[in-house]
Each structure stands twice: as structure tokens, then as C-alpha cells.
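Protein chains: 4
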Amino acid sequence: MPLEIFNQYESEVRGYIRSFPTLFAKSKMAEIWDVDGKRYIDFFAGAGALNYGHNNPKINAAVIEYLQNDGIGHALDMGTVAKRDFITSFVKNILKPRNLDYKLQFVGPTGTNAIETALKIARKVKGRKQVMSFTNGFHGMSMGSLSITGNSFYHDDSYGVPGYTTQVPFHNYLGDKVDTIAYLRKILGDDSSGTELPAAIVLETIQAEGGINVAGVDWLKSLREICYDFDILLVVDDIQVGNGRSGNFFSFERAGIQPDIVTLSKSIGGGHPMSLVLLKPELDKWSPGEHSGTFRGNNLAFVAATVALDTYWADDTFVKELQLKSQLVEKRMQDLAFRFADHIREIRGLGMIWGAEFKDPELISAICSQAFADGLVIETAGAADDVIKFLGPLIITEALINEGFDILESAVEKVLIRNRTQEGKEAAQ
Amino acid sequence: MPLEIFNQYESEVRGYIRSFPTLFAKSKMAEIWDVDGKRYIDFFAGAGALNYGHNNPKINAAVIEYLQNDGIGHALDMGTVAKRDFITSFVKNILKPRNLDYKLQFVGPTGTNAIETALKIARKVKGRKQVMSFTNGFHGMSMGSLSITGNSFYHDDSYGVPGYTTQVPFHNYLGDKVDTIAYLRKILGDDSSGTELPAAIVLETIQAEGGINVAGVDWLKSLREICYDFDILLVVDDIQVGNGRSGNFFSFERAGIQPDIVTLSKSIGGGHPMSLVLLKPELDKWSPGEHSGTFRGNNLAFVAATVALDTYWADDTFVKELQLKSQLVEKRMQDLAFRFADHIREIRGLGMIWGAEFKDPELISAICSQAFADGLVIETAGAADDVIKFLGPLIITEALINEGFDILESAVEKVLIRNRTQEGKEAAQ
Amino acid sequence: MPLEIFNQYESEVRGYIRSFPTLFAKSKMAEIWDVDGKRYIDFFAGAGALNYGHNNPKINAAVIEYLQNDGIGHALDMGTVAKRDFITSFVKNILKPRNLDYKLQFVGPTGTNAIETALKIARKVKGRKQVMSFTNGFHGMSMGSLSITGNSFYHDDSYGVPGYTTQVPFHNYLGDKVDTIAYLRKILGDDSSGTELPAAIVLETIQAEGGINVAGVDWLKSLREICYDFDILLVVDDIQVGNGRSGNFFSFERAGIQPDIVTLSKSIGGGHPMSLVLLKPELDKWSPGEHSGTFRGNNLAFVAATVALDTYWADDTFVKELQLKSQLVEKRMQDLAFRFADHIREIRGLGMIWGAEFKDPELISAICSQAFADGLVIETAGAADDVIKFLGPLIITEALINEGFDILESAVEKVLIRNRTQEGKEAAQ
Amino acid sequence: MPLEIFNQYESEVRGYIRSFPTLFAKSKMAEIWDVDGKRYIDFFAGAGALNYGHNNPKINAAVIEYLQNDGIGHALDMGTVAKRDFITSFVKNILKPRNLDYKLQFVGPTGTNAIETALKIARKVKGRKQVMSFTNGFHGMSMGSLSITGNSFYHDDSYGVPGYTTQVPFHNYLGDKVDTIAYLRKILGDDSSGTELPAAIVLETIQAEGGINVAGVDWLKSLREICYDFDILLVVDDIQVGNGRSGNFFSFERAGIQPDIVTLSKSIGGGHPMSLVLLKPELDKWSPGEHSGTFRGNNLAFVAATVALDTYWADDTFVKELQLKSQLVEKRMQDLAFRFADHIREIRGLGMIWGAEFKDPELISAICSQAFADGLVIETAGAADDVIKFLGPLIITEALINEGFDILESAVEKVLIRNRTQEGKEAAQ
């Protein structure tokens, strides 16, 4: 039993090993192999941490060379050559071409560290405790991040997660008839609404875990206006949908807005643990050392990240490739929705993140299992786990996209047939 | 100017780059070199993350080979060969020989993630919100961990850090005449003390950031008793002083006690970002996926960690080496205290963590700068930054220990001479 | 200077003495006289505490006789004849005829004590910390009550008012196009809305301080349904609009609903300090003495209250009188709105509580001052103090209603003329 | 059954009616009579609300006359003759002779309202959320007051009582060997103690509910010094032990210290509901109306209070009487302790508040019941209800003191005999 040791010693909290019950051994770009040599196409990309693929050859080569030369590995926030090179590359390839002038804050290498940091500096600068976030938002598991995360599955009454946060309706949360921006403006402008003026509003422009909900461009612009009007900081959590996922490097580029703070993690480290917070210079009110963290200087991630930025973001070649692939993914999603119209409520997405909302969540669970058996790693999203999502590595080939969707369609078909057979049997009894 | 790009683009929060203002390029075991080839002895070990040294040859070789073979890099909490091997090694080399039967929970690879996890599960299992920690305790920067961290430098009134925590006096906090265990027992046993029964007491058996305060063995045993008597979970934060720092793998072994929960990070990943929470099996009440984190499956760290465990903890050779080195460090600290008795109030420490408390914190700052100029990386501790601390890699040679202490003694001497000269000049004016 | 001693020794927090700057000496039913013998008609009724009028002859006679006989005055929650008689009268005159079977809890004699009590028992019974209240709600000044009070004027960032409360939109808060009940149902039913299931929803069926906002009957019924559907306790705060103010004893009778908890104060004590919490029997989970308070047994209030109940609520005579007076008040309000249509946005109200919302809040302040000079005590409401409100004692005569409204109309006229003259002068300069 | 209606309709929270199960009808000074004409001596004084006795003739006469003249009853914080007279009397009789220059803030007429007010203004003025209180402190039942009340009997995990409070050890809490002032100074002065600097320290100089714990004069002076040194406001809660209970009007006079804020309630209203907060003028930073409350202008209480102040506090006659009575009470307590030395651990007290701590709390319960049967109303104190306390009206005669103590001694004797008999029977079986 290859997974016996996990069952015996690892905490019950383990999750994905239950959805994908095998022992993985190797991986390359958009493909993974288990110990038995079985191959899987990856439509999951480590929940968005592997936008540049598994063991991307250019990245791996650089990391190996760095290790062979005894490059600095761990350095807290000391100055290192690898860190200097990353900053240089990020400024040149990302900030300068987009006319952005953020300061870079390196934090502990998890997304939740980045969110905690953003909440702290926003509260400190504005001198207000309140922070606003959105229905179905997901921002992480540490106490501060959890306080702005909607999904009650991650909460427990005893956690002692503090108040000082308010959740307001995301775009179209109440259907397309109710203008949630008007609601937000009303409660912020009314001294007796009971809602305190927040230091910041924390936003995913595309809610990934929340079910692939894409905020409209006009809605985003109006939200940016509200933040200006009420002197509230706009924090964009681009941990999952940044790093090219939306079709551009940042997910907010499509709306032409500039957040005050941006959090990046997952793929920013080229597959290695790393997080980065971007601050408008006037917000950089930290005292030296006021916010720290042992692994905020993971130099292997700096090396990997620099290669990724130099390779994919030096010009617009990659963005154009993403457009073509995105069109293919959208088409395959539409085919799926058309073919299984009885079971799929709607498809939603943008760039390289797409979801199909099923009417029956139990169906989805069976489909994912079947797809895995057939060689596809794919996951669900949404509070009710009723959305099946495409989140493949950005470097996936068109051939693999097609092969993966073929497996998915076949898996849906198999599950439906099995269900009908099962129902037939039950009816016959 | 090699550091110009940091000054221009990195947040003001950057800290160690100010204490050690150079651009580091390479490192090997207990030595580091900057871009100009200048060599430094490392008495800091990445704040305890580099117990096995920089670019430890055995570890690096294994990591390089793993990358060359396209081993799984990032895998969330799926099953991988590297993770299986780590669990196997940890159970065999660490848990079994010590008769410990913890469950392993892999969490986001920062210490603060581990603490947040421990606080959550403790509160969930006990159904109580309150958590107790100690004066001068340091546990991390995210909201939950910060709520049990003493040093007010890391707090800001606007952070909204929640209550539900109580700080009680550490061993000898009120001098050796006041029994802080008796105080703790009194307020826990008194229904009208105003102190709610906590779910857990979070303890560093040696407070590192707090100023190298070593809890006595009897005090630790009494604390363990109190926790049993009042049905409180004892959480040992071994992030900084675990992984061999105290002379054994865990810092609590010297007291013969078993915590209910142990948090590990820093050196547990063999120099790569990783954290681990150990739970008594009966506390493992998580639902699958209830606590998650993108980088909780950093397989490079698993590979590195497995090598570290197999190399250093398969038998007691390393522990014996540590005893000898520890005696050398203690002797050099005593020499220092004897030679500069007018300036050093006391020395404190155990195993491979030692501190000398100076009467004048400003002196310390100057000494560290001088030592750095002379080729030694050494840092301070304590709320008032009045303790200079030895925290070298555990694999440091006796020769380098001696060379480092020689630099340190010389730096103290230089600073004292400079001060006397300066005072003389001022007096002459 | 009659008020000099107040200016010299009383805290700056004093408020109404600034709006009504005289020294009051005597009062009878709906009239007050100051030390100079000047008479005022009372359209304010002690913010709803004097529904039965000042020095109501029947009440006063009973209280005087009780004092002359050395009846028990203060008794905490011991058994007294006066308390027994009150309970008997309340059950007979109020609960029984309305088929209500609440348990009575006597609490400290302020409204905020009653709300604190309701919040406590609701949280205790349901085991949930969260409580919901409405935009523009007003529930009191102690920490718990303040946490569900909307008006930010009463808040200060340093108060440390806790979270665990959510404010949701009241009826028509977003205009009559947005169904606020649908919004409430949506966020309660959605596990990822970020809004925790509350123990209770606290409601004023007519928001008095909030600007005389009257919830519709259908809205109230739907809210009651929601509370049943989600197992949430419905707490009606009838402190200001109970005791006959709405036309019936309880303000929720018009909707045919039964709250789980009702808070009463202000006029419940017949002019003397008293509060009362009504609990559905199955919610009465208190331990003996778990919630206490020195003045919860103010026996003078019991005596006064018993007279008030026996006099006004033994049959439906009083309710019918209220209907007639209410029609008169409504008519006079309509006249006002018609006559000053350029300045009044709308009138709102029910029973014996009515408000006229002015477009210009500064106008209102001048009108109230003028009315006071002309012998009428009348106050404002609303977050912006833009509503002038009628809140006269319920026992006020039709003659005094007419006289008071005449003064009010005249005051509006005077202020408008003065303003036009002033504008004319400024224009001429 | 005279109490049947209470059992049927009153909440289970009712408490004293269980300890004193009869229906009280009349009362005069220090005596009470039930409906059957049975007489009781009062050693409880309404938990300190009846320092001037039940139906004090002078007070009652003034209140009756006031009612007969239709004096203003309820007036929020408008100016009234009764309120002016009270302020005049309080300034003349209390503040001026003691060289105190407080501003007077009238708040809702319960002690907890006064504490909530003190917490708010302290936090607002200092801009700090943290407040400190003492082990075994009791300050009230609303959320803010409860957060600084020690006794866990009044707490429930679901109440959501907020943090921002720290309980520190009262005088002699850890025995007379541990200097709790030194502990306080240490944690306040240490930036890493984990204890935030509080806005205020809230103190009962004699803890009444907490078990009759009398803070020493030197301890009080040192605490006052600490508050000056750390810029912390000293709030004395004199609700129970003010108004002459300690032998002077304020309980802190014996230490020669001046608090920054003083809370008064209970007997301040001469038996009628009233509370008063005293603020050093520089702390009076309220906006007009920022803190309100319907019954903060209970004019009957002003009338009663003025008579009480003019009668008892115009010169030192009353204080001298209290000294004599206090000596008698102390002597009778000593006699009790001497006679029942096997059962009484110690006696504690000052002025007219004294307690005898029994070794066996169950004994106390039986003694109180026996005493009640024999015509004495007396209550317990302390977290474990192990203290029997004398808290008679201050105007009680020496004859009644002696008669009451005779009943008490006899009750102890009866209970002990009964227990011995019972034990004998059990032993014989």
C-alpha cells in the first residue's frame, strides 16, 4: 500500500491525497507521473502555484546551477545577489512597462503571510481597525486572513477569529438586478449604517476558490472610485489570479485600475515558496524590522522567479500565447456546457481560469474521480463544491488542453451512464 | 553602490540588510562570502534556520539530484515519494527513539503558520477561546501568533489583534524569589481571578528572541503538571530552539516532559522553507482540508530534511559533538564575561544558544557593527536589544567557534577603546 | 443665571439642557412649567418615558400612599407585595389578552440593561456569539448595546466595542426597489457569505432615534419567517415604541407576530425607572443569580406601573382613544407637510410617533429653538438630525395636540421669514 | 402560597427571593416586615443601596412633598430645580470639604452604567483600548463592566465579552510575601511583558462581592504612584463601598489619594435609583450628548439624595457615629471568630463592611437560612460564597447591631449542633 504511511502518521487534515490517491513521483511542465509510471495531465497547477509548469527546464537549470555554485540559500532580508537580480527583473519586466511604482515587501513565503502584511500596513497607515472583504472571498488560513475569508467551512466558533471585518456583496452576488456598488456606497456614506469606515477593501478581481466569479470591468472601476471617495485603500489579492492567470500579469490590468496594495504569492516564486507585497510608496510606513519572517528571503525562489520573469514577461509573446490558449479553453468549456446542458448551470471564466457550475455537486465529485482514473488532475471550486475548474499551467500546450478536455468529457459521460444504469437498477427493484 | 537597488525599491521594513550592509554571494556551512569575496563567520545561522549549515554538501547533492530527475517540486498535500521518505525518516530517527507518537501535520512553510495551526486545533479540541503565553515570548507576525507575542515593538494599536490571550510570567521573570508557577496555579484555580481557563499554554522552553531565557527543568515539569491538572494543552514552540539547538532534537527532552503539541519550522527543512506541527493522536480532530496552505508540500524541503535527519539523527554521534561544542561556546562566553565584567551583566544559555546581556544596549550595537566589519555575522536579542547572542550553525567547527569569538572579543575591545578615546576628547573640549 | 451651576459643575456631555435652556420646576400630564412660571406643551415625553404623562394623578396618588405606609422601596429581587401586584397586573392586562406566555425578567432599570440581558441570554441559549441588528438601529450606550447601535456619533475607535455583530439593511433602506429581506435570506443561507449565523436579530419595528422609520407589516412577517427558518431568535426592542406608542401595547401586534424576546423600559415603570425583559419560557435558561443588578427591584416603579396597567390597559378604551389622537397627529403632520412642501421631504409615522423629514437639518435646529421659545418642547431624530418628531405623552388631549402643532407651524413660519430677511440683507450688501 | 406567582411567571434568574423566601411588605430604617408581620433586622441594606435605611423619615417626607407639589419627575438631562439642588449640595457637602474638584456626570441609574461610562471616557481620553482590573473584582453585568469582573460565574463563553482587559493580582492576592505592586510595575515597565499599557486601572479599595478584601493604605498609595508614573487613569469604583460605607464618604480618603475618575451608585440616590460619575475636569472630553440614557435624570433620587447629603454629610457628626458603630461591629465579629474559631478562618473588614471567612462554605449557607428564620437578613460574599458579611444600613442603631449579631451567633450554634447531631446519627447507623 503506497499511501499507508500517510494514513498512519499524517494528520486527518490531509485533503488532496484523498482526491488524488496515488504516490506521485515525477513531473514535467503540464504532466505528472506516479510511482507506477501512470501519466496525468495537470489541469490544477498546484492551485495556481505552477503557472510556469512543473520542473520548467529553464527554471530548473538555473536553480541547479545556483546550488552547484553554493549560492546563498537562506538569508532572511539580507542583501544577496539573487534578491538583487529578482528586484531588477521585476522592476524592468513588470512594474516599468505598466507604469506602476510600487515598493516591494518580501514576506514569509505563503499567501496568507502576504494578506496579513497587507492588513497590518493598511490598518497602521489609516489608523482604522475595520477591513472590508467580499462574499465568497478566500484569503487564507491564519487568523487575520481567515477573518476576511467567507467560507464557513474554514471557521470554528472557538477559533476566536476577531471582528473588525465586514463582508459585503461581490459583483452580481444578488443577481444582476441589484447594484452592489450602490449598496456599498450607501452604507459607507451613511453614518448610521452601523458599518464603520474600513482602512481597506480586500478584493479578488476573480474569485477562484469562491467559484470562479469574475468581477466586471465597470464594477471594478466603480469600486476603485469608491475607495478614492471614502479614502479607503484598495487591496487586490492577486495570489491566485495574478502571475498571468487572467491573461495579463496582474488581474486588474483589464480594468485599467491601480490598487494601493497588491499581494502576490503562489507562482511568483517560479514554483518555489515566495510571497511579495506591493505597496504604493506613500503607504510604506513600516519601521525597520517591524514585520519579519524567517523565510522571507528564499533565494532559490528569487533565482527561479527571475528566470520566469525574464523568460515570459520581457515582451508580449507570452500574453499573446495566453490569448490563443484561453480561447481554446473557453471553446472547450462551451462545448462541455452545450453537450451536458441538462447538468451544467453555467460556465464562467477569463484567461486561463474557467469553471463549469453543475446543478448537482455530487455529480462533480464522481466526475473528478473518474477523470483522475483516466489520467487527469482536475479540482472543484465554490462554497458548495459545485464548480469544476480548469486551472492548468499557463505553459500547457494546446494538444494537452484538448487531451485533458477529452478525458473530462468522457468522464462526465461515464458518470452519467453509470448513474442512469444505477437508477435503472433501483427502479427495477 | 551594490545595495542601491534595495534602497530604491524595497520597503522600509527591511532590517538585516541594515545591520549587515553588504551583498552576499556565496556560503558554505558556517561561512559566507560577499560579492567582493570578503569572508564572514556565521554566528547567526539565519536566525536558527541553518542549523545544518549553508549549502550543506550532502543536502545540496540530494536536492540537485532530485531536481535533475524532475522529482515533484510542489504538490500541496498530495502523496509524493519525497514526502513519504520524510515521514518515514522522521518517525524512525526522531519519534520512535524518543517514544513519541505524534501525528504529523504539514502546514505552510513558516513558523507563524505552525503557531496559527496549533492555536486553532487547541481551541477547537478544547472548545475554549483563551490561550496563555509568557512574558517575552515570541511566536510570529500573523494575527494569531502576534496575539501571543510579547514584544510591543511588533504591535500597533490599529492592528486589531484580538484578545483571548493572557501573558503570564516566565520562569524567574520576577526574580528568583517569586515562584511564577505558584502564581499560575493560583489564578487558574481561582474562579474569580478574572483569567479564563485557556485551551492551551504556548511555551518556548528557551526564549530566544526574548533574550536567551532558559526555563529550569523543575519549572518545566511543574508547568507540565499544571497543564494536566487543569486540562490545558501544553504547546511547545520549538521553532527556534528545536532541531538540535538545545543539545537534543527537541528542547523539552532535558525535562523529560511530553508536550501535547509541538511546532517545528526553521531548520526542520534542512535550509528550505518548511513547517511541521506534531499533535498527540487524540487531538487530531481536523476535518479533511479544514486547514490548508499552498506551500505545505514543499518537496525540496522534504528531500533536504530527510538527508539532514538520516545524517545527523540516526544515532547519538551528533548529540555528543554538540555537547563538546556547547562546552566550548559556554567557556568562550564565560571568558568574555570575565574579561568585560564591567559591561556584561550576565551570560545565559544552553546547548548551542548563548547570550551575554550587556548593561548598555548602545554598546552592543557598536560591537555587532565592528564584528561585522571584522568578518563575523552576529546578532542581538531581548526586548531592549541588550543581549548579544551566539546562534551559529550546529555543524560549525571548533576552529571557527574560536575564530569567531576572537573576532567578537576584539570587537568589544575596539569599541571600548574608541568610546574611551571619544570620552577623552569630549572631556578635553 | 439659573443654569450657571450646571455649566460650572456638570460634565460637557449634558445635552438636552442645551436644547431647552431653562430650569424646569413643575409638570402635569402634557404640560411643564419652569421656575419663572412659563408653560410648555410637551411633544417629547421624556424620549418616550412619560407615555402616561408627568405626575399622572392616579399614579402619583398611589406612589404617595405607598411611601406614607412605608412600603418596601428597594429590594433587589426579593419578593415584595408591590412586585407581586405588578406581575399579576401585567399577566392579566397584557399577556393573557394577547395569548402571550412570556417569562418576566426584571433587570436594572435602564433600556440598555434590558438589551444587554437579551443579548446575553440569546447568545447563551443558542451558543452563538454573532448578533444581527439593523442600519439606523439604536439600542443603548453600554458596550453590548452600543455594538448593535448604528449611529457612529456614539462610537469612538478607542471604546473597544467588540465585533460579533452585523448590521443589515432595514426595510426600504436601499429604496423600495431593493428587497432587503431577500438580501438577508441570501447571506444567511450562503455558507460563504462571510456572515456568521447569528444567535439573534434585534429589531425596532419602528426606528425612533433612527428617524421614525416604520417597518411594513409584510416585511415584519417575512423577518419572523426567516428567524424561524434559520433558528434565529427574534428580539424586539420595544423600549421606545412599546407601552402603547404604536397604538397597541406592543409595537409588533400590528403584524401578528410573536418575538422570542421583548425588551421594555422607559414608560413601563409609569414614569419611574424600570426595565423588563420578556422571554419565551423555553429560553429561560438562566442559573439563579447569573445576571443581577442592584435596582432591578425598584418597588416605586412597580406601584406606578401597576396603576398604569390597571388604568389604561384593562380594556380597549385607551387603544380607541389613541386611534383618534393618532389620526389628529397624522392630519396635523400632513398639514405641515402641505404648507411647507418646499422644505419637508416626507412625513413618516404610526400611532403616536410621527416625524417630518426636512431637506435642511439646520432649519430644524432653528425651528426647535423657536418652538421652545414659544412654549413647545419638541425634539429631532435621524442620524443627520433632519427629522422633527412628535412624541407627546399618550394621555395628551386633542386640544393640546392642536395647540402644540399651532406653535410648531408658527415656529416654522417665523424661521423661514427670518431666513428670507437675512438672505435679503446679505444679498443687499 | 405567597410566592407562587413568582415561581410561575418570573425568570429562573431570580436569586434573593430564594435565599429570603417570604413576601416583604413594609420596612423602616434597619427593619423589614413581611406580609405576616414577621420582623427582620437588616444586615444587608440592599447590597449597599440602603446606607441611609429603608424609608428614612426625612428622605421620605421630602419625596412625598415633592410628589404632592408635582415636581418634575423624569427629565433626561434637562435642568431642573431638584437637580440644581443636588449639585449644590454635593459640591458643598462632599467635594469642597475634601478639596476635590470633579465634574459631575449623571448617567443611567445603575452601577454598571457608571462603570461603562468610566471605561468609555478613559479609553477616549487616553486613546488606548486596554483596561486593567483586579482579581476578584466585581463591576457589573453589562458587557463592558463584565469584561473587568473576575467571577466566572457571571461569564459564559458565548457572551462574546471582549478582550482589551487584563486582571492583575489585588493586594495580598498571592499572600503577604509577594509584592503585587512590584509585579504590576514590572509588567507595565517591560515592553515585552505582553501586557499593553492600559488607559485605566479600575479599583475597588475594598472588594465587597469579592469577599471583603481591604487594600492597605500603602498599597493604595503605591498604586496611585504607578498610575502617575505610567500615565494611567485611576478609576475608583465606589459603588458599593462609597457613600460612607468605609467610615468616610469615599473609600479612598483613608489613603489620602485622589482618583482620576470615581463611580458612585447604590446609596448615592438615598434609596432611589441613581448613578454618578466624577471626572477630573481635564478628562471631561465628551461631546454634548455623546453618552446618554433615559433615566439619567431621576429627580426623585435627586430630592432624596439632597436630603441625605444635607442630613448626614454637612458636618462630621455622622462620621463619628460610624466610628463607634464600626468598633461595635468589629468587636462582635471578633467575638464570633473567637467563639467559633474551629470554623472561621479569619475576619476582615473596615468601617461598616465586615466579613467572616468560614472554612466550610456549606456551613454558611445553612447559617444564613437559620438566621433568616430567626429574623435576620444577612448575605454571603466571595467567589466560593465562603464569607458571611455584615453590610447593615449605616443608620442602624447599636441595639439592632447587637440584636442582629445575637441572632447570628445563635444561628451558627444551632447549625453546628444540628450538624453534630446529624453526624452522630450517621455514625450510629
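Line by line, the protein sequences are chains L, W, P and E.
Take the first sequence: its position 238, counted from the start at 1, is 237 in numbering that gives the first Met the number 0, and no numbers get skipped.
Take the second sequence: its position 322, counted from the start at 1, is 321 in numbering that gives the first Met the number 0, and no numbers get skipped.
Take the third sequence: its position 62, counted from the start at 1, is 61 in numbering that gives the first Met the number 0, and no numbers get skipped.
Take the fourth sequence: its position 205, counted from the start at 1, is 204 in numbering that gives the first Met the number 0, and no numbers get skipped.
Idealized CB from N, CA, C, for every residue including glycine.
In chain W, what lies closer than 8 Å to PHE432/L by C-beta?
Here chain L covers residues 0 to 428 and nothing more, so residue 432/L does not appear.
Chain L within 9 Å of VAL124/P, Cβ atoms only:
The count along the third sequence starts at 1 and reaches residue 124/P at position 125. No, VAL124/P does not count as interfacial toward chain L.
Does any C-beta atom of chain P lie closer than 9 Å to the C-beta of GLY14/L?
Position 15 of the first sequence, counted from the start, is the residue given in the question as residue 14/L. Residue-level contact check: GLY14/L does not touch chain P, since none of the beta carbons of chain P fall below 9 Å from its beta carbon.
Only counting the same chain, and skipping five residues up and downstream in sequence, which positions put a Cβ closer than 7 Å to that of THR116/W?
Here residue 116/W corresponds to residue number 117 of the second sequence, with the count starting at 1. GLN104, VAL106, VAL276 and HIS290.
Pick out whichever of SER132/W, ASP405/W, ASP334/W and PRO287/W has its Cα sitting closest to the Cα of GLU11/L.
One-based indexing of the first sequence puts residue 11/L at position 12. The shortest C-alpha separation from GLU11/L is found at PRO287/W.
Where ALA383/L sits in the DSSP three-state scheme:
For the purposes of this step, residue 383/L is taken as residue 384 along the first sequence, with counting starting at 1. The answer is coil: DSSP assigns ALA383/L none of H, G, I, E or B.
If we ignore side chains and look at the alpha-carbon of each, how far apart do MET28/E and HIS73/P end up?
Within the fourth sequence, residue 28/E is the residue found at index 29, counting from 1. Within the third sequence, residue 73/P is the residue found at index 74, counting from 1. Rounded to whole angstroms, MET28/E to HIS73/P spans 12 Å at the Cα level.
Straight-line Cα distance separating SER18/E from LEU2/E:
In the fourth sequence, counting from the first residue as 1, residue 2/E sits at position 3. In the fourth sequence, counting from the first residue as 1, residue 18/E sits at position 19. Across the structure, LEU2/E and SER18/E are spaced so that their CA atoms are roughly 13 Å apart.
Start and end residues, beta strand (DSSP E) containing GLY354/L
Mapped onto the first sequence, residue 354/L falls at position 355. Unbroken beta strand (DSSP E) run through GLY354/L: 352 to 357.
In chain W, what lies closer than 7 Å to GLN166/E by C-beta?
In the fourth sequence, the residue the question calls residue 166/E occupies position 167. What GLN166/E touches in chain W: SER192, GLY193 and THR194.
Cβ-based burial, ARG253/E [other Cβ within 10 Å; buried from 16]:
Counting from one through the fourth sequence, the residue named residue 253/E turns up at place 254. Burial call: buried.
Test: HIS170/P CB closer than 9 Å to a CB of chain L
For the purposes of this step, residue 170/P is taken as the residue at position 171 of the third sequence. Not an interface residue.
If you reduce the DSSP assignment to three classes, tell me which class ASN135/W lands in.
Within the second sequence, residue 135/W is the residue found at index 136, counting from 1. DSSP places ASN135/W in coil when its eight states are reduced to three.
Contact set between LEU173/W and chain E, taken where Cβ atoms lie within less than 7 Å:
Taking the first residue of the second sequence as 1, we reach residue 173/W at position 174. Chain E residues near LEU173/W: TYR182 and LYS185.
Go ahead and pull the three-state DSSP assignment for TYR39/L.
As a first step, residue 39/L must be located in the first sequence, where it is residue number 40. Of the three classes helix, strand and coil, the one that applies to TYR39/L here is strand, per DSSP.
Below 9 Å on C-beta distance, what does GLY136/L contact in chain P?
One-based indexing of the first sequence puts residue 136/L at position 137. The contacting residues are SER191 and GLY193.
Hey, is THR79/E's beta-carbon within less than 9 Å of any beta-carbon in chain P?
On the fourth sequence, residue 79/E is found 80 positions in, with the first residue counted as 1. Interface residue, yes.
Would you say SER132/E faces chain W, with C-beta separation under 9 Å as the test?
Indexing the fourth sequence from 1 puts residue 132/E at position 133. Chain W, which has a Cβ nearer than 9 Å to the Cβ of SER132/E, makes this yes.
Consult DSSP for ILE120/P and reduce its assignment to one of helix, strand or coil.
On the third sequence, position 121 is the one that residue 120/P refers to. ILE120/P falls in the helix class under three-state DSSP.
On the CB-based measure, 16 or more other CB atoms within 10 Å of its CB, does GLY36/E come out buried or exposed?
As a working note, residue 36/E is residue 37 in the fourth sequence. It is exposed - the Cβ of GLY36/E has fewer than 16 other Cβ atoms within 10 Å.
From PRO20/E to PHE371/E, what does the alpha carbon distance come to, in whole angstroms?
Mapped onto the fourth sequence, residue 20/E falls at position 21. Mapped onto the fourth sequence, residue 371/E falls at position 372. Our two residues, PRO20/E and PHE371/E, have alpha carbons roughly 9 Å apart in a direct line.
Starting from the C-beta of SER26/E, find all residues in its chain whose C-beta is less than 8 Å away, skip the five residues before and the five after it, and write them out in chain order.
Your numbering for residue 26/E matches position 27 in the fourth sequence. Same-chain partners within the cutoff: TRP32, ASP41, HIS53 and ASN54.
List the residues of chain P that SER157/E touches, going by C-beta distances under 8 Å, in chain order.
Translated into the one-based positions of the fourth sequence, residue 157/E becomes position 158. By Cβ distance, chain P contributes ARG122, LYS123, LYS125, GLY126, ARG127, LYS128 and ALA198.
Could you please give me the residues that DSSP links to VAL235/P through a beta bridge?
As a position in the third sequence, residue 235/P is number 236, starting the count at 1. VAL235/P pairs with LEU202/P and VAL261/P.
Going by other Cβ atoms of all chains shown within 10 Å of its Cβ, with 16 needed for buried, is ALA113/E buried or exposed?
Here residue 113/E corresponds to residue number 114 of the fourth sequence, with the count starting at 1. The residue is buried, with at least 16 neighbouring Cβ atoms inside 10 Å.
Nearest to GLN333/W by alpha carbon, out of GLY348/W, GLU320/W and THR379/W?
Start at 1 with the first residue of the second sequence, and residue 333/W comes out as number 334. When each option's Cα is compared against that of GLN333/W, the closest is GLY348/W.
By DSSP, does ASP84/W sit in helix, in strand, or in coil?
The residue labelled residue 84/W in the question sits at position 85 within the second sequence. Helix.
Using a C-beta cutoff of 9 Å, does GLU115/P count as contacting chain E?
Against the third sequence, residue 115/P aligns to sequence position 116. Yes, GLU115/P counts as interfacial toward chain E.
Starting from MET28/P, follow its DSSP beta bridges and name the residues at the other end.
Residue mapping note: residue 28/P aligns to position 29 of the third sequence, counting from 1. Answer is HIS53/P, bridged to MET28/P.
Taking only runs of the alpha helix (DSSP H) that begin and end inside the region 152 to 226 of chain E, which ones reach a length of at least 4 residues, in chain order?
179 to 188
Distance, Cα to Cα, GLY241/E vs GLY350/E?
Position 242 of the fourth sequence holds residue 241/E. Position 351 of the fourth sequence holds residue 350/E. Computed Cα separation, rounded: 11 Å.
For a quick check, are the C-beta atoms of PRO108/L and PHE229/W less than 9 Å apart?
For the purposes of this step, residue 108/L is taken as the residue at position 109 of the first sequence. For the purposes of this step, residue 229/W is taken as the residue at position 230 of the second sequence. No. Outside cutoff.
Going by the DSSP bridge assignment, what does LEU275/W pair with across the sheet?
On the second sequence, residue 275/W is found 276 positions in, with the first residue counted as 1. Beta-bridge pairing links LEU275/W to PHE105/W and LEU263/W.
In terms of alpha-carbon separation, which member of ILE366/E, LEU335/E, ALA382/E and ILE346/E lies closest to ASN430/E?
The question about residue 430/E has no answer, for chain E in this structure spans 0 to 428.
If you measure beta-carbon to beta-carbon, which residues of the region 279 to 290 of chain L are closer than 9 Å to chain W?
ASP283, LYS284, TRP285, SER286, PRO287, GLY288, GLU289 and HIS290
DSSP-derived helix/strand/coil call for GLU9/W:
Here the question's residue 9/W lines up with position 10 in the second sequence. It is a strand residue.
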